[in-house]
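Undergrad: As you go down the protein sequences, you meet chains E and X in turn. For the first sequence, the residue numbers in this note's numbering are 1 to 360. For the second sequence, the residue numbers in this note's numbering are 361 to 720. For each residue, glycine too, the CB sits at the ideal point set by N, CA and C.
2 protein chains.
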Amino acid sequence: MNLRIPGPVPLPDEVLELVGSQMIDHRGPEFAVMLDRMTRNLKAILATAADAFFLTSSGTGAMEAGVVNTLSPGDRVLSISIGVFGDRYGLIAEAYGAEVTRLKYALGQAADPDDVRRILRDAPGCAAVVLTHSESSTGVANPLEAIARAVHDESDALILVDAVSSAAAIPIATDAWGIDVVATAAQKAWVAPPGIAMISFSDRAWKAYEAAKMPRFYFDVAQYRQYLQIGQPPFTPCLPAIYALDHSMQAIVDEGIEAAFARHHERAEQARDGVAALGLELLPERSVASDTVTAVKVPQGIDGRELVRRVREEHGVVLGGGQQALAGRIFRIGHMGWVERHHIDGALRAVAKTLAAMRS
Amino acid sequence: MNLRIPGPVPLPDEVLELVGSQMIDHRGPEFAVMLDRMTRNLKAILATAADAFFLTSSGTGAMEAGVVNTLSPGDRVLSISIGVFGDRYGLIAEAYGAEVTRLKYALGQAADPDDVRRILRDAPGCAAVVLTHSESSTGVANPLEAIARAVHDESDALILVDAVSSAAAIPIATDAWGIDVVATAAQKAWVAPPGIAMISFSDRAWKAYEAAKMPRFYFDVAQYRQYLQIGQPPFTPCLPAIYALDHSMQAIVDEGIEAAFARHHERAEQARDGVAALGLELLPERSVASDTVTAVKVPQGIDGRELVRRVREEHGVVLGGGQQALAGRIFRIGHMGWVERHHIDGALRAVAKTLAAMRS
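1. Which stretch, first to last residue, makes up the beta strand (DSSP E) that contains X:G426?
2. So what's X:I704 in DSSP terms, helix, strand or just coil?
3. On the DSSP bridge list, what partners appear for E:N142?
4. With a threshold of 8 Å on Cβ separation, who are the neighbours of E:T354 within its own chain once the five nearest residues in sequence on each side are excluded?
5. Which residues bound the alpha helix (DSSP H) around E:E258?
6. For X:I478 and X:E459, what's the separation of their Cα atoms in angstroms?
7. Check for me: the beta strand (DSSP E) holding X:G694 runs from which residue to which?
8. Exposed or buried, which one is X:P389 when buried takes at least 16 other CB atoms within 10 Å?
9. With 9 Å as the threshold, decide whether the Cβ of X:R646 is near any Cβ in chain E.
10. Which whole-angstrom value describes the C-beta separation of X:P473 and X:I519, a residue pair presumed to lie in contact below a C-beta threshold of 8 Å?
11. Apart from the five residues just before and just after E:W371, which ones in its own chain have a Cβ nearer than 6 Å to its Cβ?
12. What residues match up with E:M198 in a beta bridge as DSSP calls it?
13. Examine chain E for any beta-carbon lying closer than 9 Å to the beta-carbon of X:V393, and answer yes or no.
14. For X:E374, count neighbouring C-beta atoms within 10 Å of its own C-beta (all shown protein chains included) and say buried if the count is 16 or more, exposed if not.
15. Ordered along the chain, which non-local residues of its own chain (more than five positions away) have a Cβ less than 7 Å from that of X:S418?
16. Just the C-alpha distance for X:I690 and X:R709, rounded to the nearest angstrom, thanks.
17. Just how far apart, CA to CA, sit E:P8 and X:G591?
18. For X:I440, which of X:V379, X:L504, X:E377, X:F621 has the nearest alpha-carbon?
19. Please state whether DSSP places X:L402 in a helix, a strand or coil.
20. Looking at the strands, I want to know which residues DSSP matches up with X:G443.
21. Should X:M383 and E:L3 be called a contact, given that it needs their Cβ atoms to be closer than 9 Å?
22. Can you tell me which of the three DSSP states X:A568 falls into?
23. Report the rounded CA-to-CA distance for E:G334 versus E:A295, giving the unit in angstroms.
24. How would you list, in chain order, the residues of chain E whose beta-carbon sits under 7 Å from the beta-carbon of X:S432?
25. Report the option in E:F219, E:E154, E:L239 whose CA atom is closest to the CA atom of X:P370.
26. Looking at C-alpha atoms only, which residue of E:F54, E:D87, E:A123, E:Q323 is the closest neighbour of E:M38?
27. Buried or exposed, going by whether 16 or more other CB atoms sit within 10 Å of the CB of E:S360?
28. Excluding the 5 residues flanking X:T534 on each side, which residues of the same chain have their C-beta closer than 6 Å to its C-beta?
29. Among residues of its own chain, excluding the 5 on either side of E:G328, which ones have a beta-carbon nearer than 8 Å to its beta-carbon?
30. Taking E:P237 as the query, report the chain X residues whose CB atoms sit under 7 Å from its CB, ordered along the chain.
31. Taking Cβ positions only, does E:Y218 come closer than 9 Å to chain X?
32. Measure the C-alpha to C-alpha separation of X:Y587 and X:D580 and round it to an integer number of angstroms.
33. What residue from X:D540, X:F577, X:Q547 has the CA that sits closest to X:W566's CA?
34. Let me see if you follow: with CB-CB separation under 9 Å, is X:A527 close to chain E or not?
35. With a threshold of 9 Å between beta-carbons, can E:T292 be considered close to chain X, or not?
36. Could you check which residue in E:S134, E:H342, E:Q109, E:G178 has the C-alpha nearest to that of E:A128?
Structure below.
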């Protein structure tokens, strides 16, 4: 199978071998050494000198951790959404009692920093801005640096970023851009299986933590900070993902994070060029297309669900379909983490052949 | 290494091989088949016809899910605690705003159903009773059936059970005893790696859900129920633990749950007999000792931390130490999941040799 969904990503053999390693004592010396190395590498990759933690959850758990550790019920939150995952961040804040203002864009568009600037100026007192960096439901990357600048220029709001499908693949200068919480997950560009999510947590976020009244226990970052001092997680961690992450994060650090970004950009360009060569259209403008997932419009007269099904069954290529409002209208090619040129070529060839068969 | 902590449990080769299997699409047909089979087996093993779900978290996440999906801030909760994990369930309820009454016992004791009966009679209106089944910090199993009877006799309270280190090893008749939420985790008697926790959710719990006002998103069971209808989890699941659980739960069902209980009892008896043969003393009375973990008093004049360290370094046997108030005062031998007679013998032999060396 050529697994080309936007995560979980396929894993190379040497990583799978580590995933299948025997269990160890997560409160023993071996784990402490691993956790120390992993924490240093995570902070290096996220370009932050602040805290960073590993949670046993999906990326959504890390997003929730960002919200519940920094906010109180009634706090005003600006939720910038360009798709399903942007919506989700607003829903999480709302579930915990935040007063959420929504800035929503048409599917396939990126957010405009000037809109953010205007909204924050017109309605001061926003406690946090939540947004998705790479919206994998539409294949769009938000201009995070410019949005962060707008937020800091116009407010004291915290910035909580769903970087689940962007971190380690698309540049994020966490400290330099003043991002307070970066939420991401092992099964994306980190080349590990699902089970572990990661968050960075800035000094400003810690200041907010002191006053934050949303309830929390499993995702309480103070517990993670306290246990980290003795080289342990507060709760039993997902060891298979830990083993893989330890290896894969070291590989990213050894390669150099800039090289990893360049590699992702190159594969994404290959995918976008290939889509154009097939006479197909991207959902977004190419200028805002994400380097981790390519969303392609299903041509007129073709059933998108059927296309994805046949590509899978007849060619062993697993594409992402469209979600919610885009169901049947787009297909998506994931290209984060371990991606060889032939993975992309193979996926595009399977799409071409299937479209030809469906049209004949 | 002979990993004899009370979880994560060591995994046999055939399970490790599955843990290291390639990633698949968790929204694809293959996963749906797996999730359906796993849900049926989970319900069979927990002896419930009600709902049961797989969460990507540690067991603590499943405990939190029980609380936040059934209760509202201000609800009165009786927390029965015989150790660290019993305390934790009360802390979770309190973190979310419940008014918690504590019934605490000395370390090494089991809870007395008559105390529960008296408290509930004296102070009516309790919304939920939370307790640990097998308290792995003290090696004690609570008389769950009798406690559940007392709760039902005296109140309408829900019963939320931390069965993290008991389910699939020590009998729990979820429906027959009227347990509303059973929380457990893959890395215990289920013979899988950490990363997935499981909960059962009774019809009474669903009724409570309708009125429950504690905030929740990642652990919202309604999302799990809704997605289960299309053969998916709401959030990306920990696939390595899923692969292992699917195999291991089928193995338990094929063996027969009664046989699995008997097997655990036999290994526990072996451990207890072995401890007695060494002239050592159990922390609890033998009659309430848990069948999944044996807690042993460190003899007078011996440094318990040093004992655990030397057993590990000199004999490759990883014991559990004492937690919190019991640090240095006890050591613990885990025997849940895949345990051969020689695993227990080897651990006891290592303890005997190390004690002899420390005394000489």
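TA: Straight from the coordinates:
1. On the second sequence, position 66 is the one that residue 426 of chain X refers to. Taken as a continuous stretch (DSSP letters only), X:G426 belongs to no beta strand (DSSP E), being part of the alpha helix (DSSP H) at 419–428.
2. To locate residue 704 of chain X, count along the second sequence from 1; it is residue 344. Helix.
3. Your numbering for residue 142 of chain E matches position 142 in the first sequence. DSSP, once it has assigned bridges, lists no residue as partnering E:N142.
4. For the purposes of this step, residue 354 of chain E is taken as residue 354 along the first sequence, with counting starting at 1. Taken in chain order, the residues that qualify are L307, R310, V311, E314, H315.
5. By one-based count along the first sequence, residue 258 of chain E stands at place 258. Segment 257–277, the alpha helix (DSSP H) holding E:E258.
6. Counting from one through the second sequence, the residue named residue 478 of chain X turns up at place 118. Counting from one through the second sequence, the residue named residue 459 of chain X turns up at place 99. The amino acid occupying residue 478 of chain X in the given sequence is Arg; Ile does not appear at that position. Straight-line Cα distance between these residues: approximately 18 Å.
7. Within the second sequence, residue 694 of chain X is the residue found at index 334, counting from 1. Per DSSP, X:G694 belongs to the beta strand (DSSP E) from 690–694.
8. Looking up residue 389 of chain X in the second sequence gives position 29. Exposed, because fewer than 16 other Cβ atoms sit within 10 Å of the Cβ of X:P389.
9. Taking the second sequence and counting its residues from 1, the one referred to as residue 646 of chain X is at position 286. Judged by the 9 Å Cβ criterion, X:R646 is not in contact with chain E.
10. On the second sequence, residue 473 of chain X is found 113 positions in, with the first residue counted as 1. On the second sequence, residue 519 of chain X is found 159 positions in, with the first residue counted as 1. That belief does not hold up - the Cβ atoms of X:P473 and X:I519 are roughly 12 Å apart, past 8 Å.
11. Only positions 1 to 360 of chain E appear in this structure, which leaves residue 371 of chain E out of reach.
12. Start at 1 with the first residue of the first sequence, and residue 198 of chain E comes out as number 198. Note: E:M198 sits in a beta bridge opposite E:F54, E:T184.
13. For the purposes of this step, residue 393 of chain X is taken as residue 33 along the second sequence, with counting starting at 1. By this cut-off, X:V393 is not an interface position.
14. Mapped onto the second sequence, residue 374 of chain X falls at position 14. So X:E374 ends up on the exposed side.
15. By one-based count along the second sequence, residue 418 of chain X stands at place 58. Excluding sequence neighbours, X:S418 sits near A545, P554, A557.
16. Taking the first residue of the second sequence as position 1, residue 690 of chain X is located at position 330. Taking the first residue of the second sequence as position 1, residue 709 of chain X is located at position 349. If I take the Cα positions, the gap works out to 17 Å.
17. By 1-based counting over the first sequence, the position of residue 8 of chain E is 8. By 1-based counting over the second sequence, the position of residue 591 of chain X is 231. Taking the straight line joining both Cα atoms gives about 17 Å.
18. By 1-based counting over the second sequence, the position of residue 440 of chain X is 80. Among X:V379, X:L504, X:E377, X:F621, the Cα nearest to that of X:I440 belongs to X:L504.
19. On the second sequence, position 42 is the one that residue 402 of chain X refers to. It is helical.
20. For this step, residue 443 of chain X is matched to residue 83 along the second sequence. Note: X:G443 sits in no beta bridge, so no partner.
21. Position 23 of the second sequence holds residue 383 of chain X. Position 3 of the first sequence holds residue 3 of chain E. For X:M383 and E:L3, yes; Cβs fall inside 9 Å.
22. The residue given as residue 568 of chain X occupies position 208 in the second sequence. Residue state, collapsed to three classes: helix.
23. Numbered from 1 along the first sequence, position 334 holds the residue referred to as residue 334 of chain E. Numbered from 1 along the first sequence, position 295 holds the residue referred to as residue 295 of chain E. Spanning the two alpha carbons is a distance of roughly 9 Å.
24. Taking the second sequence and counting its residues from 1, one reaches residue 432 of chain X at position 72. Chain E residues near X:S432: none, gap ~12 Å exceeds 7 Å.
25. Along the second sequence, read from residue 1 onward, the residue named residue 370 of chain X stands at position 10. If we check each option's Cα against that of X:P370, E:L239 comes out closest.
26. What you label residue 38 of chain E is simply residue 38 of the first sequence in a count that begins at 1. Selected option, being the one with the closest Cα: E:F54.
27. Within the first sequence, the letter at position 360 stands for residue 360 of chain E. The residue in question, E:S360, is exposed, as its Cβ has fewer than 16 Cβ neighbours within 10 Å.
28. On the second sequence, residue 534 of chain X is found 174 positions in, with the first residue counted as 1. Contacts found: L406, A407, T408, V542, S560.
29. As a working note, residue 328 of chain E is residue 328 in the first sequence. Taken in chain order, the residues that qualify are V298, D303, G304, R305, G321, G322.
30. As a first step, residue 237 of chain E must be located in the first sequence, where it is residue number 237. Simply P554.
31. As a first step, residue 218 of chain E is located in the first sequence; it is residue number 218 there, counting from the start. Yes, E:Y218 lies at the interface with chain X (some Cβ there is under 9 Å from its Cβ).
32. As a position in the second sequence, residue 587 of chain X is number 227, starting the count at 1. As a position in the second sequence, residue 580 of chain X is number 220, starting the count at 1. Rounded to whole angstroms, X:Y587 to X:D580 spans 12 Å at the Cα level.
33. For the purposes of this step, residue 566 of chain X is taken as the residue at position 206 of the second sequence. It is X:D540 whose Cα lies nearest to the Cα of X:W566.
34. Counting from 1 along the second sequence, the entry for residue 527 of chain X is found at position 167. No, because no Cβ of chain E sits closer than 9 Å to the Cβ of X:A527.
35. Against the first sequence, residue 292 of chain E aligns to sequence position 292. Cβ-Cβ to chain X under 9 Å: no for E:T292.
36. Sequence index remark: in the first sequence, residue 128 of chain E carries index 128 (1-based). That would be E:G178, whose Cα lies nearest to the Cα of E:A128.
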